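Participant: Quick one: the structure is below, questions incoming.
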Amino acid sequence: MKFLLTVIFFIGLYQHSAKSSLPKSSALTKPNKKVLLIGIDGLQYEKLQALSTPNFDSFNIVKAYTGGIVGTPSQQTTGSGPGWMTVLTGVWTDQHAVISNDTSNKVRAKTVFQYLKEHKPDIKTTSIATWSPIHDFLDKQMSYVDRRMDGGTDEAATAKALNELENSDPDFMFVHYSDPDVIGHNVGYGEKYDKSILTMDAYLGKIMAVIDTRTKAKNEEWLVILTTDHGRRGDGHNHGSQTIEEKTVFVGMNISGNAEFNTTVTEVPNQDFNGIYKYIPQTSILPTILTYLDITIESDWQLSSPSGIGKLGPQRVMLNAHEDALYWYSSEPGNASIYKDKQLLATVPARRRAYPIKEPLDKQRHIYTVTSNGQSGSVTRKNFRINAATTWNDNKRALFLFNDHSYTLYDKIKNRPDPGYPKAISDGIFAGGKDYMDKVEALINWDNARMFMFLNDGTYILYDLNKNSIENGYPKDISNSSWPGLEPYKNEIIGAVKMGETKLYFFTRDGRFIVFDMRANKTETTYALSMNEKALPGLKPYSSKISATMDCSPEFFYVFLKDNLYLKYDKINNKVLSGYPMPVNNTTWPGLIN
C-alpha cells in the first residue's frame with residue numbers, strides 16, 4: 036500500500052530523485068526559480084494510490100478537493116472546464132465564470148499567466164494543452180502566454196515539454212494530459228485505465244530526468260506540481276456531479292509543503308462528503324506558484340485559498356452553516372485582517388478563527404477575504420435559491436420563483452429561460468401581487484385552468500391560468516373549510532406535487548408530508564407523516580433540505596434542495612432516480628441560477 040508522503044520524501048532507488056531537482060544553492064549565485072505545473076485530466080486519486088508508480092511516488096501527494104463547497108456560490112460542476120480554470124485562477128466558478136465545457140464561456144478572472152507577467156514582465160511562459168478548449172476558455176489571457184501548443188496525443192505533449200526544457204528556457208510551463216480521462220469515459224476503470232496511469236508515470240520520469248539535468252547545469256530550482264481537474268464516479272465512466280469520488284482530487288509537489296498542504300483541518304464547519312473540506316482545496320495551487328516565485332499576494336486579488344508553501348495563511352476559509360460568520364483555521368500568532376468587497380472591516384487575532392457577519396443575507400454577491408502572513412482566503416456570500424416551482428400553463432415551460440423576489444419562465448424544450456427573465460415578482464404575469472407574491476412557498480396546478488399558490492403566512496391564492504391573473508378575493512386563509520385537514524400545517528408548507536389523478540402530496544418545513552384527497556376534498560390523515568422509505572423511497576435523507584418542488588407530469592416531479600441540488604422522482608416506479616442529487620447549474624438547468 037502507498038503512504039501519503041506529506042512530511043518526508045520517498046527514499047530509495049528509482050529512475051530519478053525528486054530531491055535532485057532542488058540542488059543546494061550556490062554560495063555565489065542565487066538559483067533561478069522555475070515552475071512546472073502538470074495537469075493529468077480525470078486521474079482518480081485512489082487509483083493512483085493503488086498502483087506502483089515510482090515517479091509519482093517520489094512526490095509528496097495529498098488528497099484535495101474540487102467542485103467548490105456544495106450549496107454555496109463556489110459550487111461548480113466537477114468537469115474539465117471549471118476544474119482547469121480553477122487550477123489556473125485560484126478561484127472558484129463564482130469568480131472565474133467558466134461554468135461548463137461550453138467554450139462560449141470565457142474566464143473572467145486573472146490567471147497564473149497574467150499574474151506572472153504583471154509582476155515579472157520578462158518571465159517566459161509556455162502552455163501545452165492536449166485538450167485545446169483549455170486555451171479557448173482562457174481567451175484573452177492567452178496574450179500572457181509566450182508559447183502555446185494545442186491538441187495532440189499525450190506522447191506528443193511529452194515530446195513538446197521535453198523540447199521546451201531542453202531547447203528553450205521557460206520560467207513557468209503548464210502541461211496538460213488527457214488519456215486517463217478519455218479512457219475513463221470510454222471503458223471506465225480497469226486494465227486500460229491503470230495502464231494509462233503507468234504510461235503517465237513513465238512520461239513523468241522522462242520530464243523529471245530533464246529537470247534534474249537542468250538544475251545541475253543551469254543553477255535552477257524547480258517547483259513541480261502535479262494535479263488533476265476532477266475525480267470520477269461509479270465504475271469510472273462519468274463525472275460532473277457532486278459525489279465524494281468526483282470531488283476527490285490530489286495535489287503533488289516535489290518539495291515539502293507547509294501545514295496548508297500537509298495537514299487536514301478537522302474543525303471545519305462543513306463536514307459533508309465524509310469531511311472532504313478538511314483537505315487542501317484545488318484553489319491553493321495558484322497562490323503556491325506565486326509564493327514560490329516571490330510574488331507578494333494582495334488581499335484585493337480575493338484568492339480563494341492560501342499557498343501550500345511558505346508562511347502559513349488562513350486555512351480553509353469558509354462560512355459557517357448559518358452563513359452569519361466567517362471561519363478559518365490558524366495556529367499562528369499575529370493578526371488576521373477581514374475584508375468585505377476589498378474594504379477592510381476589522382483586524383482580529385488570527386487564532387480567533389471566526390468573525391461574525393452582522394449584515395443580513397441578500398441577493399447581491401459579496402466577497403469576504405481573510406488575510407494573514409501575506410496570504411489570503413476568500414468566500415462569496417449570496418443568498419439565492421428556488422422558493423417555488425411548477426409547470427406553466429402551456430406545459431412547455433416551467434415557472435420558478437426565487438427568494439430574491441424574482442421569477443423566471445423557463446423553456447423546457449430549448450432548455451433555457453425565456454428572453455427577458457428573470458423579472459421582478461411584481462411585474463408581468465404577477466402584476467398586482469407585489470404585496471404577497473414574495474411569500475409564495477409552493478405552487479401546484481389543480482387542473483389545466485387553475486393553479487394554487489401557498490404562502491408562508493398561512494394563506495393561499497387561486498391563479499387563473501387562462502387569464503394569467505390572480506382571482507379576485509385572494510389571498511384567503513388556509514382553513515378546515517377551504518382545505519380540510521391542512522389548517523394545522525398552513526404555515527409549514529414548502530412544496531406540493533400531484534400523485535396520480537386524485538392525490539396531492541404536501542411537504543412541510545420539518546421534513547414531513549400529508550396527503551390530500553382531491554375527490555374527497557380532505558386530507559387522508561389528521562396528522563402529517565414522517566418521510567419514510569415505504570411511502571416516498573429515497574426522499575428521507577433530504578426531507579429537511581427541501582426548498583421547492585416542481586410537478587412536471589404524471590411520470591415525474593423534481594425536488595429542489597436548499598443547497599441548490601435537486602432530485603428527480605419517478606412517480607411510476609415510486610422512487611428517486613439513481614444519480615441524484617445533481618447540482619442546479621448551467622449544465623443541468625442552463626441560465627436558471629447565476
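Numbering (my numbering), first residue to last: 36 to 629. Think of the CB as a built atom: it goes at the ideal place given N, C-alpha and C, for glycine as much as any other residue. This structure is a prediction, so every number in the text was calculated from the model and none was measured.
(1) Exposed or buried, what is D92 when buried is set at 16 or more other beta-carbons lying within 10 Å of its beta-carbon?
(2) Between which two residues does the alpha helix (DSSP H) carrying S231 extend?
(3) Cα separation between K449 and G225?
(4) Could you check which residue in Y312, S334, G343 and T318 has the C-alpha nearest to that of Y327?
(5) In angstroms, rounded to a whole number, what distance separates the CA positions of A192 and R416?
(6) So is S613 buried or exposed if we call it buried at 16+ other beta carbons inside 10 Å?
(7) What does DSSP give as the partner residue(s) for D171 in the beta ladder?
(8) Starting from L197 and walking both ways along the alpha helix (DSSP H), at which residues does that stretch end?
(9) Check N599 in the structure and name its three-state DSSP category.
(10) Between L396 and E358, how many whole angstroms is the CB-CB distance? I'm expecting something under 8 Å.
(11) Nearest by alpha-carbon distance to K431: which of L444, S334, N422 and F437 is it?
(12) If you run the structure through DSSP and keep just helix, strand and coil, what is P215?
(13) To the nearest angstrom, report how far apart D214 and G269 are at their CA atoms.
(14) What does DSSP give as the partner residues of D499 in its beta bridges?
(15) Going by alpha carbons, who is nearest to A164 out of E256, G74, N289 and P510?
(16) Are the segment 562-582 and the segment 385-405 touching, with three or more C-beta to C-beta distances below 8 Å?
(17) Have a look at E280, Q111, L258 and I315 and flag the residue whose alpha-carbon is nearest the alpha-carbon of I290.
(18) In or out: A62 buried (at least 16 other Cβ within 10 Å) or exposed?
(19) Does DSSP classify L123 as helix, strand or coil?
(20) Look up R143 in the DSSP assignment and say whether it is helix, strand or coil.
(21) Given a cut-off of 9 Å on the beta-carbon distance, is the pair M177 and A144 in contact?
(22) Enumerate in chain order the residues of its own chain whose CB-to-CB distance from A423 is below 7 Å, with the five nearest sequence positions on each side excluded.
(23) Note down the Cα distance separating N136 from G106, rounded to an integer number of angstroms.
(24) Could you give the DSSP three-state label for A459: helix, strand or coil?
(25) Return the chain-ordered list of same chain residues with a C-beta closer than 6 Å to the C-beta of K377, the five sequence neighbours on each side being excluded.
(26) Please name the residue or residues paired with V383 in a DSSP beta bridge.
(27) Relative to the C-alpha of M553, which residue among P66, N90, D545 and K533 is closest?
(28) Below 8 Å, how does it come out for the segment 241-259 and the segment 109-118: are there three or more Cβ pairs, yes or no?
(29) Between the alpha carbons of G292 and I460, how many angstroms are there, rounded?
(30) Since V594 and L574 should fall inside the 8 Å C-beta cutoff, what is the C-beta to C-beta distance between them, to a whole number of angstroms?
(31) Ordered along the chain, which non-local residues of its own chain (more than five positions away) have a Cβ less than 8 Å from that of L57?
(32) With a cut-off of 8 Å, do at least 3 Cβ pairs link the segment 233-253 to the segment 74-89?
(33) Leaving out the 5 sequence neighbours to the left and right, which residues in its chain are closer than 6 Å to P205 when beta-carbon positions are compared?
(34) With G125 and T263 assumed to form a contact (beta carbons below 8 Å), what rounded beta-carbon distance in angstroms separates them?
(35) Which runs of the alpha helix (DSSP H) fall wholly inside the segment 261-323 and span at least 4 residues, in chain order?
(36) Just list the residues that DSSP pairs M617 with in beta bridges.
Facilitator: Once the coordinates are examined:
(1) Here residue 92 refers to the residue found at position 57 when the sequence shown is read from its first residue. By the 10 Å Cβ count, D92 comes out buried.
(2) Along the sequence shown, read from residue 1 onward, the residue named residue 231 stands at position 196. Here the alpha helix (DSSP H) through S231 covers E226 to K253.
(3) The count along the sequence shown starts at 1 and reaches residue 449 at position 414. The count along the sequence shown starts at 1 and reaches residue 225 at position 190. Near 38 Å, if we compare the C-alpha coordinates of G225 and K449.
(4) Taking the sequence shown and counting its residues from 1, one reaches residue 327 at position 292. Nearest of Y312, S334, G343 and T318 to Y327, Cα basis: G343.
(5) Position 157 of the sequence shown, counting from 1, holds the residue named residue 192. Position 381 of the sequence shown, counting from 1, holds the residue named residue 416. Computed Cα separation, rounded: 40 Å.
(6) On the sequence shown, position 578 is the one that residue 613 refers to. S613 counts as exposed, since fewer than 16 other beta carbons sit within 10 angstroms of its beta carbon.
(7) The residue you call residue 171 lines up with position 136 of the sequence shown. Looking at the DSSP assignment, D171 forms no beta bridge with any residue, so it has no partner.
(8) Along the sequence shown, read from residue 1 onward, the residue named residue 197 stands at position 162. Annotation: the continuous alpha helix (DSSP H) that includes L197 extends over D189 to N202.
(9) Working through the sequence shown from its first residue, we reach residue 599 at position 564. Three-state DSSP puts N599 in coil, outside helix and strand.
(10) Taking the first residue of the sequence shown as 1, we reach residue 396 at position 361. Taking the first residue of the sequence shown as 1, we reach residue 358 at position 323. 6 Å between Cβ atoms; contact.
(11) Locating residue 431 in the sequence shown gives position 396, where the first residue counts as 1. The candidate whose alpha carbon is nearest that of K431 is L444.
(12) The sequence position of residue 215 within the sequence shown is 180, counting from 1. P215: helix per DSSP, three-state reduction.
(13) Here residue 214 is taken as the residue at index 179 of the sequence shown, counted from 1. Here residue 269 is taken as the residue at index 234 of the sequence shown, counted from 1. Approximately 19 Å, taken between the alpha carbons.
(14) As a first step, residue 499 must be located in the sequence shown, where it is residue number 464. In DSSP, D499 forms a bridge with R485 and S504.
(15) Working through the sequence shown from its first residue, we reach residue 164 at position 129. Cα-wise, what sits closest to A164 is G74.
(16) No, the segment 562-582 does not touch the segment 385-405.
(17) Taking the first residue of the sequence shown as position 1, residue 290 is located at position 255. Nearest C-alpha to I290: L258.
(18) Position 27 of the sequence shown, counting from 1, holds the residue named residue 62. Reliability of the predicted coordinates at A62 is poor, the pLDDT of 46 falling under 50, and no value is obtained from them.
(19) Taking the first residue of the sequence shown as position 1, residue 123 is located at position 88. When secondary structure is reduced to three states using DSSP, L123 falls in the helix class.
(20) Stepping through the sequence shown from its first residue, residue 143 is reached at position 108. Coil.
(21) In the sequence shown, counting from the first residue as 1, residue 177 sits at position 142. In the sequence shown, counting from the first residue as 1, residue 144 sits at position 109. Not closer than 9 Å, so no.
(22) On the sequence shown, position 388 is the one that residue 423 refers to. Leaving aside the five residues that flank A423 on each side, the residues in its chain whose CB is nearer than 7 Å to its CB run, in chain order, L436, V475, E476, A477, L478 and A583.
(23) Position 101 of the sequence shown, counted from the first residue, corresponds to residue 136. Position 71 of the sequence shown, counted from the first residue, corresponds to residue 106. Looking at the backbone, the Cα of N136 and that of G106 are separated by about 21 Å.
(24) The residue given as residue 459 occupies position 424 in the sequence shown. DSSP places A459 in the strand class (E or B) of the three-state scheme.
(25) Taking the sequence shown and counting its residues from 1, one reaches residue 377 at position 342. Result list for K377: D335, in chain order.
(26) Here residue 383 refers to the residue found at position 348 when the sequence shown is read from its first residue. For V383, which the question treats as bridged, DSSP gives the partners A371.
(27) The residue labelled residue 553 in the question sits at position 518 within the sequence shown. Taking only the C-alpha atoms, the option nearest M553 is K533.
(28) No: fewer than three Cβ pairs fall under 8 Å.
(29) Here the question's residue 292 lines up with position 257 in the sequence shown. Here the question's residue 460 lines up with position 425 in the sequence shown. Rounded to whole angstroms, the separation of the alpha carbons of I460 and G292 is 51 Å.
(30) Counting from one through the sequence shown, the residue named residue 594 turns up at place 559. Counting from one through the sequence shown, the residue named residue 574 turns up at place 539. That pair is a contact at about 7 Å.
(31) One-based indexing of the sequence shown puts residue 57 at position 22. Because the pLDDT of L57 is 42, which lies under 50, any placement of that residue in the model is unreliable, and the number read from its coordinates should be weighed accordingly. Closer than 8 Å at Cβ, skipping near neighbours: T250, E256, W257, N289 and I290.
(32) Yes, since at least three Cβ pairs between the segment 233-253 and the segment 74-89 fall closer than 8 Å, the two stretches touch.
(33) Counting from one through the sequence shown, the residue named residue 205 turns up at place 170. The answer, listed in chain order, is K159, T161 and E199.
(34) Residue mapping note: residue 125 aligns to position 90 of the sequence shown, counting from 1. Residue mapping note: residue 263 aligns to position 228 of the sequence shown, counting from 1. In fact, because the Cβ distance is near 16 Å, the residues do not count as touching under 8 Å.
(35) Counting only runs of at least 4 residues, the segment 261-323 fully encloses the following alpha helix (DSSP H) elements, listed from N- to C-terminal order: 279-282, 294-297 and 307-310.
(36) In the sequence shown, the residue the question calls residue 617 occupies position 582. Looking at the DSSP output, M617 bridges to Y601.
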